[in-house]
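Residue numbers (UniProt numbering): 1 to 204. We put the CB at the ideal spot given by N, CA and C, even for glycine. Here the structure is a predicted model, which is why all the values come from computation and not from measurement. To start, the structure under review is shown below, and the notes come after it.
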């Protein structure tokens, strides 16, 4: 993605960035219990990792850089990155899903879970990429990559600006709700490659 130039007075964007970070820090202890780990906040970027706290030991399952360049004339950009190197990850290497199901008013949770397991419910992927080697983008109003996508030209950022969509906590909460919070167990697969003899039992 081409870097966005800073058109807004940098001090204006910086002041709004500082407010976003301050709002986060007011409830940082609560967010940490959810598994949100604030690793850095230097204008214009906030660096946050997510742990799946329902799993023991809890793994770090995702990390993002939220970029507030030219905010809030432009919405923030969200990049999924390696939590240790901050290197941007392709769709193939993210290893993380954000899934959304259609509303089913009145349906018991057990029924919904069974239908999902049977493939009877169409789930929507909120992390999208055309090819595995492409960088995924978060398909969410209030995120720069969403509004820059040609498929969403009719949904201008100006229709959402000032609504709370595009705020730091709004974006992080969506990543947590649809990505990290549903994770409840390790998916372990054991593949038998063959049979191994005991070296001591091999005859002459």
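Inset, instruction - Report the rounded CA-to-CA distance for residue 62 versus residue 183, giving the unit in angstroms. - result: 12 Å
Inset, instruction - Using a threshold of 7 Å, state whether the C-beta atoms of residue 17 and residue 68 are closer than that. - result: yes
Inset, instruction - Given a cut-off of 7 Å, decide if residue 72 and residue 161 are closer than it, judged by their beta-carbon atoms. - result: yes
Legend entry - Validate contact between the stretch 111 to 120 and the stretch 134 to 151 using beta carbons, cut 8 Å, 3 pairs: no
Legend entry - Selection from 140, 187 and 154 that minimises the alpha carbon distance to residue 78: 140
Legend entry - Of the residues 148, 46, 34 and 10, the one placed nearest residue 52, counting alpha carbons only: 34
Inset, instruction - Please report the residue range of the beta strand (DSSP E) in which residue 131 lies. - result: No beta strand (DSSP E) contains residue 131, which DSSP labels as neither H nor E.
Inset, instruction - Go through its chain and collect everything with a Cβ distance to residue 157's Cβ below 6 Å, but skip five positions before and after it. - result: 75 and 147
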